[in-house]
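Here the structure comes first, spelled out in structure tokens, and everything after it is commentary.
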Amino acid sequence: MKKTREDIADALAACGYIADAELATAISLMQLLKRPLLLEGEAGVGKTEVAKALACVHATELIRLQCYEGLDQSSALYEWNYQRQLLAIQAHRGEDADAVEDHVFSEKYLLERPLLAAILQEQPPVLLIDEIDRADDEFEAFLLELLSDFQVSIPELGTIAATSIPHVVLTSNGTRELSDALRRRCLYHYVDYPDADHEARIIMARIDGASALLSQQIAQMVQGVRKEDLRKAPGVAETLDWAAVLVGLDVRDLHDVSETVHETLMCLLKTREDRARMTREVTDRLLGTVA
Amino acid sequence: MSCCGDTPGFEEIDEVSRLVARKLAAFLRTLRDNGFAVGLAEGRDAAALMASGYAARPRLLRSALKHLFSARKSDWEKFDGLFDAFWLGRRVRSRSMTAGAAKAANNPSLKTLQDKGDTRGSQFVTDQIPSADDAPDGRGEGRMEGASRAENLAETDFRKLADPDQIEQAHAAAVQLAKAMRIRLTRRDLARRRGYRLDLRRTIHRNISHGGVPISLVKRQRKDKPLRLIVLLDASGSMSMYTRVFLRFIHGVLDEFREAEAFLFHTRLAHVSDAMKERDAARALDRLSILARGAGGGTKIGESLAAFNRHHAARVIHSRSCVMIVSDGYETGDAKLLGREMAALAKRCRRIVWLNPMMAWEGYAPVAAGIRAALPHVDLYAPANTLKSLAALEPYLARL
Numbered sequence: 147m148k149k150t151r152e153d154i155a156d157a158l159a160a161c162g163y164i165a166d167a168e169l170a171t172a173i174s175l176m177q178l179l180k181r182p183l184l185l186e187g188e189a190g191v192g193k194t195e196v197a198k199a200l201a202c203v204h205a206t207e208l209i210r211l212q213c214y215e216g217l218d219q220s221s222a223l224y225e226w227n228y229q230r231q232l233l234a235i236q237a238h239r240g241e242d243a244d245a246v247e248d249h250v251f252s253e254k255y256l257l258e259r260p261l262l263a264a265i266l267q268e269q270p271p272v273l274l275i276d277e278i279d280r281a282d283d284e285f286e287a288f289l290l291e292l293l294s295d296f297q298v299s300i301p302e303l304g305t306i307a308a309t310s311i312p313h314v315v316l317t318s319n320g321t322r323e324l325s326d327a328l329r330r331r332c333l334y335h336y337v338d339y340p341d342a343d344h345e346a347r348i349i350m351a352r353i354d355g356a357s358a359l360l361s362q363q364i365a366q367m368v369q370g371v372r373k374e375d376l377r378k379a380p381g382v383a384e385t386l387d388w389a390a391v392l393v394g395l396d397v398r399d400l401h402d403v404s405e406t407v408h409e410t411l412m413c414l415l416k417t418r419e420d421r422a423r424m425t426r427e428v429t430d431r432l433l434g435t436v437a
Numbered sequence: 002m003s004c005c006g007d008t009p010g011f012e013e014i015d016e017v018s019r020l021v022a023r024k025l026a027a028f029l030r031t032l033r034d035n036g037f038a039v040g041l042a043e044g045r046d047a048a049a050l051m052a053s054g055y056a057a058r059p060r061l062l063r064s065a066l067k068h069l070f071s072a073r074k075s076d077w078e079k080f081d082g083l084f085d086a087f088w089l090g091r092r093v094r095s096r097s098m099t100a101g102a103a104k105a106a107n108n109p110s111l112k113t114l115q116d117k118g119d120t121r122g123s124q125f126v127t128d129q130i131p132s133a134d135d136a137p138d139g140r141g142e143g144r145m146e147g148a149s150r151a152e153n154l155a156e157t158d159f160r161k162l163a164d165p166d167q168i169e170q171a172h173a174a175a176v177q178l179a180k181a182m183r184i185r186l187t188r189r190d191l192a193r194r195r196g197y198r199l200d201l202r203r204t205i206h207r208n209i210s211h212g213g214v215p216i217s218l219v220k221r222q223r224k225d226k227p228l229r230l231i232v233l234l235d236a237s238g239s240m241s242m243y244t245r246v247f248l249r250f251i252h253g254v255l256d257e258f259r260e261a262e263a264f265l266f267h268t269r270l271a272h273v274s275d276a277m278k279e280r281d282a283a284r285a286l287d288r289l290s291i292l293a294r295g296a297g298g299g300t301k302i303g304e305s306l307a308a309f310n311r312h313h314a315a316r317v318i319h320s321r322s323c324v325m326i327v328s329d330g331y332e333t334g335d336a337k338l339l340g341r342e343m344a345a346l347a348k349r350c351r352r353i354v355w356l357n358p359m360m361a362w363e364g365y366a367p368v369a370a371g372i373r374a375a376l377p378h379v380d381l382y383a384p385a386n387t388l389k390s391l392a393a394l395e396p397y398l399a400r401l
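Written out as structure tokens, the structure is:
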């Protein structure tokens, strides 16, 4: 079923993800052009959340493949169930060797890994290929082939064609330059840190009990923190943690509790240097800029 | 395909596509000129989008085409400006103007550089010859007149090379060395010592006729995995006698290592991997000499490292990375900052190698505040002022 851009933005919001207009366009294009979506951006801007929200919008399963260095086909695509194969061979001892071989290399003994599982679903799932930049070049090339043909060839079984074409979302943190071929194959969307209004809406959507005033204040404060010269700028996830803490402490207005604000800033700052840099004076200065 | 708005009628589609097709093709050319990797499939999809109602709403079309045609962050950032300029006839905003202009200016200048390349060839060789007064006496390794030519070359301090032929040979040797290192610095040997992994699938295949008892085992071996080398080269005035030959070495390394990054610094840091990936060494060096301009105001190693840690480290450093700093350690900035940034860098990467060509000079001691602050974080501190000492690095790198 095709959905318009506005429908998609509404549906995403209903799933707790506040998308900007550009992202809603990207998602409608994914359906229209049947291309994968490549999301790039700093760590912690909510790239993975996009896939989760998309699964929620389509009311379908999310299949996630976390990439890492050395990821190979046997952990991404399929693997044979060796224990059961060995047992089966023992059980059929004395029978014709060819027949036994055909038997143990049948689908019954095949273990599906995320990629194979994704193309064999009845209902098209959302396939999240997370941090593709961590995988090796070889895996990227293999993935490119899978994403264009949506079929898998298993030497012992033959070719398995997809029963449904999944909605593919790839994310990258930019630790390695991806190949041009893969980039060209995908729709590209750069996920940036949200602006203050956007972030305030995210806080209100995600944290129960966060008032409009508090959300706006937290968002402005975090914007200020990001502008400081830090080793690791806080992401949206950190903002939500901090908002949850402040709501948990029953804070209504940041200006009333500047002490608490400074003490709970550890939710945002994750290295010792950053903590040292964010002194009480800096916190107060930032707090001064918050409406 | 009725994604947005009303579905256009058939004639309408025909009309739109005829009007727009030519202009779209021109737009694709503009994009390609601006460094976008746009293929036929993208063009076809774009035409389909325009025919399905997107063309009626420029902002929506811009957003849609932006997703389709961009492939990286730089594309993403300049697309809006290009689109507005082309389709809406608006003045291009300054940012996209500079982005486009830089690209356009790059190409012709490259060509002119290439034309100049031949005449410049001899010129840059003479750059190498150190003038007598600013070259302090070394250990006199150049005196081995009786030894074979190759050996002589291998042990001659780079700044003593005067004959253009010799310099060319030294450059060639540096490139060779880089190639040899690339081949050997893979993980192959390590994996062998650790032993193979059992390939269960093939083992079962082979042993079905034995009733499944695994008698003949099939092993699997880990694939070669190159080490990632990150080179930070000091291009300040005090290093000028060594910079050229190290640049050749780095060019060789970058050409051969699939995973290598190069940075140049003097008072600021420049990412030069792209320029270095130029196949032709002379052209690569020409491109670099533009990037390296502005040197001469001393060396701010600390600030350059800070810039590296802040903007590049997360992207280029991974678990099996070695950072190689080539510098004489004469810090004109804040030595304390250098110490702090070295500590931060040491936490991130596997190993830091500091090559200091001055080390081999008689009477040199690392007393300058900069190098003293940096040394506690350095894993290997080596001279590397001759080809031989460069080659001596290899076994060390192999242990990573």
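Quick mapping for you: the protein sequence lines, in order, are chains D and Y.
Using our numbering, you'd call the opening residue of the first sequence number 147 and step up by one each time.
Using our numbering, you'd call the opening residue of the second sequence number 2 and step up by one each time.
Backbone N, C-alpha and C fix where the C-beta goes; we use that ideal spot for every residue, glycine too.
Please confirm if residue i has its CB atom under 8 Å from at least one CB of chain Y.
i, result
"ALA165/D", "no"
"MET147/D", "Residue placement at MET147/D is flagged as unreliable, the pLDDT there being 43, under the threshold of 50; a coordinate-derived value is accordingly withheld."
"GLN236/D", "yes"
"ALA172/D", "yes"
"VAL203/D", "no"
"ASP326/D", "yes"
"VAL246/D", "yes"
"GLY320/D", "yes"
"LEU274/D", "no"
"GLU277/D", "no"
"GLU384/D", "no"
Could you work out which residues of chain D lie near residue i, taking near to mean beta carbons separated by less than 8 Å?
i, result
"ILE231/Y", "Chain D residues near ILE231/Y: none, gap ~13 Å exceeds 8 Å."
"LEU201/Y", "TRP226, TYR228"
How would you call residue i, buried or exposed, if buried means at least 16 neighbouring beta carbons within 10 angstroms?
i, result
"THR435/D", "exposed"
"ASP76/Y", "buried"
"ALA261/Y", "buried"
"HIS313/D", "buried"
"GLU195/D", "buried"
"ASP134/Y", "Residue confidence for ASP134/Y is low, a pLDDT of 37 falling below 50, so the modelled location carries little weight and cannot support an answer."
"TYR339/D", "buried"
"SER217/Y", "exposed"
"GLY90/Y", "exposed"
"GLY187/D", "buried"
"GLU43/Y", "buried"
"HIS312/Y", "exposed"
"GLU427/D", "exposed"
"GLY122/Y", "Summary for GLY122/Y: the model assigns pLDDT 36, below 50, so the residue's position carries little reliability, and this model does not support an answer."
"LYS193/D", "buried"
"TYR336/D", "buried"
How is the alpha helix (DSSP H) around residue i delimited, first residue to last?
i, result
"ILE231/Y", "Element bounds for ILE231/Y: not the alpha helix (DSSP H) but the beta strand (DSSP E), 229-235."
"ARG352/D", "342-352"
"GLN212/D", "Looking at the DSSP string, GLN212/D is not in any alpha helix (DSSP H); the run it does join, the beta strand (DSSP E), is 208-212."
"SER361/D", "358-373"
Give me the chain Y residues within the contact set of residue i, using Cβ-Cβ distance strictly less than 7 Å, ordered along the chain.
i, result
"HIS335/D", "HIS68"
"PRO243/D", "Here the sequence assigns Ala to residue 243/D, which means Pro is not the residue at that position. Near ALA243/D (Cβ distances below 7 Å), the residues of chain Y are ILE209, SER210."
"GLN231/D", "ILE205"
The beta strand (DSSP E) spanning residue i covers which residue range?
i, result
"HIS313/D", "313-318"
"ASP276/D", "272-276"
"VAL298/D", "297-300"
Cβ of residue i less than 8 Å from any chain D Cβ?
i, result
"ASP46/Y", "yes"
"LEU32/Y", "no"
"ALA261/Y", "no"
"ARG316/Y", "yes"
"ILE130/Y", "Residue placement at ILE130/Y is poorly supported in this model, since its pLDDT is 33, which falls under 50; the coordinates still yield a value, given next. Answer no: the Cβ-Cβ gap between ILE130/Y and chain D never drops below 8 Å."
"GLY40/Y", "yes"
Strictly below 7 Å CB to CB, what residues from chain D border residue i?
i, result
"LYS74/Y", "GLU186, TYR336"
Going by the beta-carbon positions, is the gap between residue i and residue j smaller than 8 Å?
i, j, result
"LEU376/D", "VAL407/D", "no"
"ILE164/D", "HIS344/D", "yes"
"ILE311/D", "PHE288/D", "no"
"TRP362/Y", "VAL379/Y", "no"
"SER318/D", "LEU223/D", "no"
Mind pulling the chain Y residues with CB within less than 9 Å of residue i?
i, result
"VAL397/D", "The contacting residues do not exist; VAL397/D stays about 32 Å from chain Y at best."
Could you tell me which chain Y residues have their CB closer than 8 Å to the CB of residue i, listed as they occur along the chain?
i, result
"LEU179/D", "ASP46, ALA49, LEU50, LEU69"
Could you list which residues in chain D have their beta carbon closer than 9 Å to that of residue i, in chain order?
i, result
"TRP77/Y", "GLU186, TYR334, HIS335, TYR336"
At least one CB of chain B closer than 8 Å to the CB of residue i: is that the case?
i, result
"LEU289/D", "No chain B appears in the structure shown, which is made up of the protein chains D and Y."
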